[in-house]
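Below is one structure, written out as structure tokens; the observations come after it.
Residue numbers (the numbering used here): 95 to 319.
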């Protein structure tokens, strides 16, 4: 255990040395390790990486996909340079609000809220904060639990099941809905009339901004949003 811990420290130091040397050219070369939630990898990252790579063609990007809570832990452990995260973020690190999306239901046919308890639901892996918020929203509207027919590991898988008429899904990113798919969406509201939403953030260590490599990435992201 001692050797493993020391090896981790040595590898981290080597990464820091390489970063420092590579960033001597005003942050125009080097390797960035960025954490990305699944939905961001699907909808946001391709265009963002294209824009960043056009400005900084010599910078390499390592994209690590996971749930937001795990990405935050990796960032706090200095295993990442920055990450995108969704939901209620509890961290001492610097965070910028990028967007706030209304949570929606997607189905293969028009449905109303009253229909939901009797319809099959397809559930996919989400952040614990979103799961808790969705449970509170459900209890606010219904006295019976949802009829979970299928559980899958991603929003993309859930969407494919919906297209095959296997049920409806509750999505925390409105970008999953494309009217051209022939599907239907239902935005969710709380009883008090407020929208049921989820926030998206860019998170990083503020002390790392003195590295041009990281500050260039943060600037590009904020410009894009």
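Glycine included, C-beta positions come from ideal geometry on N, C-alpha and C.
Through-space distance from residue j to residue i, alpha-carbon basis
i	j	result
residue 352	residue 203	The structure shown has nothing for residue 352, since the chain only spans 95 to 319.
residue 105	residue 172	12 Å
residue 112	residue 294	31 Å
residue 246	residue 124	37 Å
residue 228	residue 110	41 Å
residue 236	residue 188	38 Å
residue 302	residue 175	8 Å
residue 206	residue 134	29 Å
residue 66	residue 250	Past the edges of the chain, shown from 95 to 319, lies residue 66, and the structure says nothing about it.
residue 140	residue 194	20 Å
residue 214	residue 257	13 Å
residue 226	residue 263	16 Å
CB contact flag (residue i, residue j, <8 Å)
i	j	result
residue 197	residue 265	yes
residue 163	residue 234	no
residue 297	residue 179	yes
residue 216	residue 169	no
residue 184	residue 212	no
residue 153	residue 277	no
Residues bridged to residue i (per DSSP)
i	result
residue 77	Nothing can be reported for residue 77: it is not among the residues displayed for the chain, which extend from 95 to 319.
residue 281	198
residue 190	296
residue 177	129, 297
residue 134	Residue 134 pairs with nothing; no bridge assigned.
Residue i classed as buried or exposed, judged by whether at least 16 other C-beta atoms fall within 10 angstroms
i	result
residue 131	buried
residue 150	buried
residue 157	exposed
residue 66	The shown model of the chain, from 95 to 319, leaves out residue 66, and the question about it has no answer.
residue 292	buried
residue 181	buried
residue 102	exposed
residue 319	exposed
Residue i: first and last residue of the uninterrupted alpha helix (DSSP H) it sits in
i	result
residue 313	306-318
First and last residue of the uninterrupted beta strand (DSSP E) at residue i
i	result
residue 154	152-159
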